[in-house]
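Undergrad: Counting in UniProt numbering, the sequence shown runs from 1 upward without gaps.
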Amino acid sequence: MPGGSASPATGCCRCADPNWTLANLPCTRCLDRGEVLDRTLPLFAYRFPVDGLIVRAKFRRQPFWLESLAWAGLGRIPAALLSTLAGAVLIPVPLHRNRLSERGYNQAELLARTLSRALSLPCRTDLVVRSQATAQQARLGAAARQQNLRGAFRLIGMPPRHVILVDDVMTTGATLCSLAGTLRAAGTEEVSVIVLARASG
Numbered sequence: 001m002p003g004g005s006a007s008p009a010t011g012c013c014r015c016a017d018p019n020w021t022l023a024n025l026p027c028t029r030c031l032d033r034g035e036v037l038d039r040t041l042p043l044f045a046y047r048f049p050v051d052g053l054i055v056r057a058k059f060r061r062q063p064f065w066l067e068s069l070a071w072a073g074l075g076r077i078p079a080a081l082l083s084t085l086a087g088a089v090l091i092p093v094p095l096h097r098n099r100l101s102e103r104g105y106n107q108a109e110l111l112a113r114t115l116s117r118a119l120s121l122p123c124r125t126d127l128v129v130r131s132q133a134t135a136q137q138a139r140l141g142a143a144a145r146q147q148n149l150r151g152a153f154r155l156i157g158m159p160p161r162h163v164i165l166v167d168d169v170m171t172t173g174a175t176l177c178s179l180a181g182t183l184r185a186a187g188t189e190e191v192s193v194i195v196l197a198r199a200s201g
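(1) Give me whichever residues DSSP pairs with M170 in a beta bridge.
(2) Taking the alpha helix (DSSP H) that R130 belongs to, which residues open and close that run?
(3) What is the residue span of the alpha helix (DSSP H) that R47 lies within?
(4) To the nearest angstrom, report how far apart R14 and E35 are at their CA atoms.
(5) Would you kindly check if the distance between the Cβ of G157 and the Cβ of L183 is under 8 Å?
(6) Helix, strand or coil for R154, going by three-state DSSP, please let me know.
(7) Hey, out of A112, V129, E189 and L119, whose CA is closest to D167's CA?
(8) Considering only their Cβ atoms, is the gap separating L43 from L81 smaller than 8 Å?
(9) Just tell me which of G201, S200, A199 and P160 has its CA closest to the CA of S192.
(10) From the DSSP output, read off the bridge partner residues of residue 202.
(11) Along the chain, where does the beta strand (DSSP E) that runs through L90 open and close?
(12) Between the alpha carbons of L115 and A88, how many angstroms are there, rounded?
(13) Use the C-beta contact count for N19: other C-beta atoms within 10 angstroms, 16 or more gives buried, fewer gives exposed.
(14) Check whether the Cβ atoms of A72 and L196 sit closer than 8 Å, and answer yes or no.
(15) Along the chain, where does the alpha helix (DSSP H) containing D32 start, and where does it finish?
(16) Straight-line CA distance for G187 to I194?
(17) How would you label T28, buried or exposed, when you count the other beta carbons within 10 angstroms and need 16 or more for buried?
(18) With a threshold of 8 Å on Cβ separation, who are the neighbours of E189 within its own chain once the five nearest residues in sequence on each side are excluded?
(19) Do L165 and V93 come within 8 Å of each other at the CB atom, strictly closer than that value?
(20) With DSSP collapsed to three states, give me the class of C177.
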């Protein structure tokens with residue numbers, strides 16, 4: 001599958017920001033957010049042709065691309081990195097019920113279920129809900145994205161010690177860091193992230 005890799009080895013050690021050149025140090029954005037992420041494993045960089053396939057999956061009712069990309073992308077992640085996920089629980093970033101009704105499916109959940117089969121890890125969709133119908137993050141700047149997500153997530157169960165948050169695209173990381181902070185406040189000790197594609201944000 002074409003499309004560049006965005007390995008944590010070439011970016012921030014926590015959020016895999018490809019613009020960060022000090023590979024063994026967290027980026028300033030992660031430091032400002034309290035280092036709520038332990039590691040991020042992007043399967044691809046958000047560029048052609050992966051970006052177009054994700055758009056098709058999300059907005060043109062072609063979700064089958066998510067499974068194809070997930071299987072192709074997992075083969076690009078070193079086994080040593082995948083081994084750090086042992087014993088973790090996959091949690092897809094939830095959609096608000098209004099957006100879920102409009103789209104018909106949560107792309108992060110479909111991706112997480114594929115990863116669950118591939119990695120033999122449990123997937124939980126009953127632990128956290130999106131309690132606010134926030135504006136679409138893709139239409140906002142970095143500062144507005146952070147403000148947009150205040151109080152967006154609510155826990156409805158006891159979170160696991162080690163979770164793997166799953167989403168389709170990571171740009172500034174605001175959504176994933178907000179959810180990670182909510183989980184850590186409730187007792188989660190380790191937060192990993194798997195995203196289908198890492199954008200430069």
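All C-beta atoms, glycine included, are put in the ideal place defined by N, C-alpha and C.
Small disclaimer: the values here were computed from a predicted structure and weren't measured.
TA: Well, looking at it:
(1) Stepping through the sequence shown from its first residue, residue 170 is reached at position 170. BP columns for M170 point to R198.
(2) Taking the sequence shown and counting its residues from 1, the one referred to as residue 130 is at position 130. Note, R130: premise wrong, no alpha helix (DSSP H); beta strand (DSSP E) at V128 to R130.
(3) The residue labelled residue 47 in the question sits at position 47 within the sequence shown. Taken as a continuous stretch (DSSP letters only), R47 belongs to no alpha helix (DSSP H), as it is neither H nor E.
(4) In the sequence shown, residue 14 corresponds to position 14, counting from 1. In the sequence shown, residue 35 corresponds to position 35, counting from 1. Taking C-alpha positions only, R14 is separated from E35 by approximately 7 Å.
(5) On the sequence shown, position 183 is the one that residue 183 refers to. On the sequence shown, position 157 is the one that residue 157 refers to. Contact: no.
(6) Position 154 of the sequence shown, counted from the first residue, corresponds to residue 154. Three-state result, R154: strand.
(7) By one-based count along the sequence shown, residue 167 stands at place 167. Nearest of A112, V129, E189 and L119 to D167, Cα basis: A112.
(8) Within the sequence shown, numbered from 1, the residue matching residue 81 stands at position 81. Within the sequence shown, numbered from 1, the residue matching residue 43 stands at position 43. In this structure, L43 does not lie closer than 8 Å to L81 by Cβ.
(9) As a working note, residue 192 is residue 192 in the sequence shown. Checking every option, the nearest Cα to that of S192 belongs to P160.
(10) Shown here, the chain extends from 1 to 201; a query on residue 202 therefore has no answer.
(11) In the sequence shown, the residue the question calls residue 90 occupies position 90. Its beta strand (DSSP E) spans residues V89 to P92.
(12) Your numbering for residue 115 matches position 115 in the sequence shown. Your numbering for residue 88 matches position 88 in the sequence shown. Spanning the two alpha carbons is a distance of roughly 12 Å.
(13) Your numbering for residue 19 matches position 19 in the sequence shown. When all chains shown are included, N19 counts as exposed.
(14) Mapped onto the sequence shown, residue 72 falls at position 72. Mapped onto the sequence shown, residue 196 falls at position 196. Contact flag unset, no.
(15) For this step, residue 32 is matched to residue 32 along the sequence shown. T28 to D32 is the extent of the alpha helix (DSSP H) around D32.
(16) In the sequence shown, residue 187 corresponds to position 187, counting from 1. In the sequence shown, residue 194 corresponds to position 194, counting from 1. In this model, G187 and I194 are separated by some 20 Å (Cα to Cα).
(17) Position 28 of the sequence shown, counted from the first residue, corresponds to residue 28. With fewer than 16 other beta carbons inside 10 angstroms of its own, T28 counts as exposed.
(18) Position 189 of the sequence shown, counted from the first residue, corresponds to residue 189. Excluding positions up to five away in sequence, the list reads R161 and H162.
(19) Counted from its first residue, the sequence shown places residue 93 at position 93. Counted from its first residue, the sequence shown places residue 165 at position 165. It is a contact, given that the beta carbons lie within the stated cut-off.
(20) As a working mapping, residue 177 is identified with position 177 in the sequence shown. In the displayed model, C177 falls within a helix according to three-state DSSP.
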